[in-house]
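Worksheet: the structure to be examined is printed underneath.
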Amino acid sequence: MKRSHLIGLAGLGSLALFLAALAFEYIGELLPCALCLWQRWPHRVAIVLALIGVVFPRAVIAWLGAASMLVNAGISLMHTGVERAWWDGPQVCGASAAQDLGSLSVEDLFDTTSGPQLILCNEAAWHFLGLSMASWNGLACLVLAAIWIAAARRPA
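Numbering (my numbering), first residue to last: 64 to 219.
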């Protein structure tokens, strides 16, 4: 398989995962936490890199795609650890967001129609075969990183 085809395949994988995350959010009504949102950024980067790499199939683009997926796998591992209480999450996972509630009035706090929604990073909203969405994203990112690496090692 040509380098440009592998780059396109990896980009389509990131696009599929990104669209799945949006579907879970907007169709399944599973609101994302801060770490969930962080995991979307490397997919965005990979999609843009794939668009460039299909036209200009350079090894450096493929290596950057692999790096973006490895970063995403790292974020996913961190998120999985927070969900399983292996370690604490960053402050954006609830502590600082809860502190922001102090600036709200009593009426705002009891308003159930438009009040803030805190989604904690340590509560997995969805599981399949014992793994959370963050865990599945991490595994998928490792597969996509392998495809990007194969593309980088393939002659143009």
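Where is the CB? At the ideal position from N, CA and C, for every residue including glycine.
Keep in mind it's a predicted model, so treat the numbers as computed, not measured.
> Looking only at C-alpha atoms, which of Gly-137, Ala-129, Ser-195 sits nearest to Arg-147?
Replying inline: What you label residue 147 is simply residue 84 of the sequence shown in a count that begins at 1. Cα-wise, what sits closest to Arg-147 is Ser-195.
> Per DSSP, which one or two residues make a beta bridge with His-190?
Replying inline: Reading the sequence shown from its first residue, position 127 is the one you call residue 190. His-190 is bridged to Ser-195.
>> How far does the alpha helix (DSSP H) with Pro-105 in it extend, from its first residue to its last?
In response: Reading the sequence shown from its first residue, position 42 is the one you call residue 105. Note, Pro-105: alpha helix (DSSP H), 97-118.
>> Which same chain residues end up closer than 6 Å to Ala-197 when comparing Cβ atoms and leaving out the 5 residues on each side of it in sequence?
In response: On the sequence shown, position 134 is the one that residue 197 refers to. If we look at Ala-197 and ignore the five residues flanking it on each side, its Cβ neighbours are Ser-139, His-142, Thr-143.
> By DSSP, does Arg-121 sit in helix, in strand, or in coil?
Replying inline: Against the sequence shown, residue 121 aligns to sequence position 58. Per DSSP, reduced to three states, the secondary structure at Arg-121 is coil, with no helix or strand assignment.
> Where Gly-178 and Leu-207 are concerned, what is the direct C-alpha to C-alpha distance, given to the nearest angstrom?
Replying inline: Here residue 178 is taken as the residue at index 115 of the sequence shown, counted from 1. Here residue 207 is taken as the residue at index 144 of the sequence shown, counted from 1. Since pLDDT at Gly-178 reaches only 48, below the 50 mark, its modelled position is unreliable, and the value read off the structure follows with that caveat. C-alpha separation (whole angstroms): 38 Å.
>> Please classify Gly-193 as buried or exposed, where buried requires at least 16 other C-beta atoms within 10 Å of its C-beta.
In response: Counted from its first residue, the sequence shown places residue 193 at position 130. By the neighbour-count rule (16 or more Cβ atoms within 10 Å), Gly-193 is not buried but exposed.
> Does the distance from the CB of Ala-109 to the CB of Gly-74 come in under 8 Å?
Replying inline: Start at 1 with the first residue of the sequence shown, and residue 109 comes out as number 46. Start at 1 with the first residue of the sequence shown, and residue 74 comes out as number 11. Taking 8 Å as the Cβ cut-off, Ala-109 and Gly-74 qualify as a contacting pair.
>> Quick test of your reading: Val-251 and Pro-105, contact by CB under 8 Å. State the CB separation rounded to the nearest angstrom.
In response: Absent from the model: residue 251. The displayed extent of the chain is 64 to 219, so no value can be given.
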